[in-house]
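For the sequence shown, full-length UniProt numbering gives the first residue as 1, with consecutive numbering after it. For glycine and all other residues, C-beta sits at the position ideal for the given N, C-alpha and C. Inspection log for the structure reproduced underneath, given as structure tokens.
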Amino acid sequence: MWSSLRAPTENHDLFRQMAHESIFADGDEIHAIRSIAKQANIMVSVGFSEKARFSSATLYNSNLFIGSTGQVMIHHRKLMPTFFEKLTWAPGDGHGLRVAHTPYGKIGNLICGENTNPLARYSLMAQGENIHISTWPPIWPTRVAALSEASGPSEKRSDKPNYDNVTANRTRAAAHCFEAKCFGVLCSSVLGNDAIQAVSGGAEYLTQVLQQSQRGATQFLDPTGAPLKGFTINDQTGEAVATDFLQHDEGILYADLDIEYCIEGKQYHDVVGGYQRLDVFDLKVNRTRREPVTFTEDVGKVPSQDWQPVD
Numbered sequence: 001m002w003s004s005l006r007a008p009t010e011n012h013d014l015f016r017q018m019a020h021e022s023i024f025a026d027g028d029e030i031h032a033i034r035s036i037a038k039q040a041n042i043m044v045s046v047g048f049s050e051k052a053r054f055s056s057a058t059l060y061n062s063n064l065f066i067g068s069t070g071q072v073m074i075h076h077r078k079l080m081p082t083f084f085e086k087l088t089w090a091p092g093d094g095h096g097l098r099v100a101h102t103p104y105g106k107i108g109n110l111i112c113g114e115n116t117n118p119l120a121r122y123s124l125m126a127q128g129e130n131i132h133i134s135t136w137p138p139i140w141p142t143r144v145a146a147l148s149e150a151s152g153p154s155e156k157r158s159d160k161p162n163y164d165n166v167t168a169n170r171t172r173a174a175a176h177c178f179e180a181k182c183f184g185v186l187c188s189s190v191l192g193n194d195a196i197q198a199v200s201g202g203a204e205y206l207t208q209v210l211q212q213s214q215r216g217a218t219q220f221l222d223p224t225g226a227p228l229k230g231f232t233i234n235d236q237t238g239e240a241v242a243t244d245f246l247q248h249d250e251g252i253l254y255a256d257l258d259i260e261y262c263i264e265g266k267q268y269h270d271v272v273g274g275y276q277r278l279d280v281f282d283l284k285v286n287r288t289r290r291e292p293v294t295f296t297e298d299v300g301k302v303p304s305q306d307w308q309p310v311d
């Protein structure tokens, strides 16, 4: 996020902290989440900043889908960091373009801006996706707005509108739901005051930009792309409270999904089957995990040198 508001030369400390606090996909933190998933008999989709084993500074914007027995069913790295994210994260690969086969249907995930990529979305549709999880940042500032009380230089301000991430996120997710005839789960995180202070570095005008930027929303969509009303649970009474979306506060939004509802719409547009021209279009997806080097060894060969022990 800081890369959208501050010059790259101002962010070395933040990047170093990000590298230190990012985690390994097979590290202790993820292992703990997997253990809890198994104990609670739940499935978990978790986004995180992933640290590579082969480099101290290569990071990925990643997501894991963990099954109810604790197994990692999907390990996805965002295909292409969006806009200023390229200053933090490296491009991923196609390894995670998969759906998890669960008792509740086939579940897939894409991260933030890659929900704009028709080919990435189609690769999940073509695997029979029933539930599509899309994950989003809490804000997405593309301009420093002309804030009346901003203390920053006037040339940094703009009278043009900032990015409307609520509309943009819902539009992309709804398009996918309509095309795939699947349910949509939009998950947005919450931006706390501690993060605002860390990013702004105490600059008043940056603090105001972060505070006044529109927050992303967590919500459900049905297979037509229409909003699906969810509910929260009252902590005191245990009663369900009808809730359209969560936006400003942390919480858990629930919904009841009937996977059978994914069938009807495919009578009209089954874009990976009866409503597709597979003789005209041919999509190939490389799901190879990309590594920086491949080593070959002379296994079983007699070495040309005979190194003697050193006294």
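Provide the residue(s) that pair with residue i in DSSP beta bridges, ordered along the chain.
{"i": "LYS181", "result": "None, per the DSSP bridge assignment."}
{"i": "ALA217", "result": "None; ALA217 has no bridge partner."}
{"i": "ALA100", "result": "ILE107"}
{"i": "PRO309", "result": "Answer by DSSP bridge pairing: none, since PRO309 is not bridged."}
{"i": "ILE23", "result": "GLU50"}
{"i": "PHE231", "result": "ALA242 and TYR254"}
{"i": "ARG77", "result": "SER62"}
{"i": "THR167", "result": "Note: THR167 sits in no beta bridge, so no partner."}
{"i": "CYS187", "result": "THR135"}
{"i": "SER45", "result": "PHE65"}
{"i": "VAL285", "result": "None, per the DSSP bridge assignment."}
{"i": "VAL72", "result": "ILE66"}
Under the rule that 16 or more other beta-carbon atoms within 10 Å means buried, what is residue i, buried or exposed?
{"i": "PHE281", "result": "exposed"}
{"i": "GLU264", "result": "exposed"}
{"i": "LEU87", "result": "exposed"}
{"i": "THR218", "result": "buried"}
{"i": "ASN61", "result": "buried"}
{"i": "LEU5", "result": "buried"}
{"i": "ALA242", "result": "exposed"}
{"i": "THR135", "result": "buried"}
{"i": "ALA90", "result": "buried"}
{"i": "TYR275", "result": "exposed"}
{"i": "GLY108", "result": "buried"}
{"i": "SER216", "result": "What sits at residue 216 in the sequence shown is Gly, not Ser. Looking at its Cβ environment, which holds 16 or more other Cβ atoms inside 10 Å, GLY216 is buried."}
Identify, in the order they occur along the chain, each residue of the same chain with its Cβ nearer than 8 Å to the Cβ of residue i, setting aside the five sequence neighbours on each side.
{"i": "ALA175", "result": "GLY225"}
{"i": "ASN162", "result": "PRO141, THR142, ARG143, ALA145, SER213 and GLN214"}
{"i": "LYS106", "result": "VAL99, ALA100, GLN127, GLY128, GLU129, ASN130 and ILE131"}
{"i": "GLU50", "result": "SER22, ILE23, PHE24, ALA25, LEU59, TYR60, ASN61, SER62 and ARG77"}
{"i": "ASP164", "result": "GLN214"}
{"i": "residue 322", "result": "Beyond the ends of the chain as shown, which are 1 and 311, falls residue 322; an answer cannot be given."}
Who are the near neighbours of residue i in its chain, counting only those whose CB is closer than 6 Å to its CB and skipping five residues on each side?
{"i": "MET1", "result": "VAL199"}
{"i": "ARG290", "result": "ASP93"}
{"i": "ALA52", "result": "THR58"}
{"i": "LEU246", "result": "THR218 and LEU253"}
Rounded to whole angstroms, what is the Cα-Cα separation between residue i and residue j?
{"i": "GLN308", "j": "PHE295", "result": "26 Å"}
{"i": "HIS12", "j": "MET18", "result": "10 Å"}
{"i": "PRO118", "j": "ARG16", "result": "34 Å"}
{"i": "ASP298", "j": "HIS95", "result": "29 Å"}
{"i": "THR116", "j": "HIS248", "result": "24 Å"}
{"i": "VAL310", "j": "SER304", "result": "19 Å"}
{"i": "ASN286", "j": "LEU97", "result": "9 Å"}
{"i": "PHE183", "j": "VAL302", "result": "60 Å"}
{"i": "TYR268", "j": "LEU124", "result": "19 Å"}
{"i": "SER68", "j": "LYS229", "result": "26 Å"}
{"i": "ASP270", "j": "ASP222", "result": "16 Å"}
{"i": "ALA150", "j": "ALA7", "result": "Note on ALA150: pLDDT 46, under 50, position unreliable in the model; no value is reported."}
{"i": "ALA203", "j": "LEU210", "result": "11 Å"}
{"i": "LEU35", "j": "ASP306", "result": "Per the sequence presented here, residue 35 reads as Ser, with Leu not at that position. If I take the Cα positions, the gap works out to 49 Å."}
{"i": "GLU179", "j": "ASP279", "result": "20 Å"}
Near residue i, what residues of its chain come up, given a Cβ to Cβ distance below 7 Å and the 5 sequence neighbours on each side ignored?
{"i": "ILE33", "result": "VAL44, VAL46 and ILE66"}
{"i": "SER56", "result": "ALA19"}
{"i": "PRO292", "result": "PHE54"}
{"i": "GLY113", "result": "THR82"}
{"i": "GLN39", "result": "none"}
{"i": "ILE42", "result": "SER68"}
{"i": "LEU14", "result": "TRP2"}
Exercise. Inspect the CB distances between the segment 73 to 86 and the segment 97 to 110 and report whether three or more fall short of 8 Å.
Key: Cβ pair count under 8 Å is three or more, so yes.
Self-check item: the segment 191 to 208 touching the segment 162 to 171, judged by at least three CB pairs closer than 8 Å
Solution: No, the segment 191 to 208 is not in contact with the segment 162 to 171.
Quiz item: How do the segment 109 to 128 and the segment 77 to 86 stand: do at least 3 beta-carbon pairs fall below 8 Å, yes or no?
Solution: Enough Cβ pairs lie closer than 8 Å, so yes.
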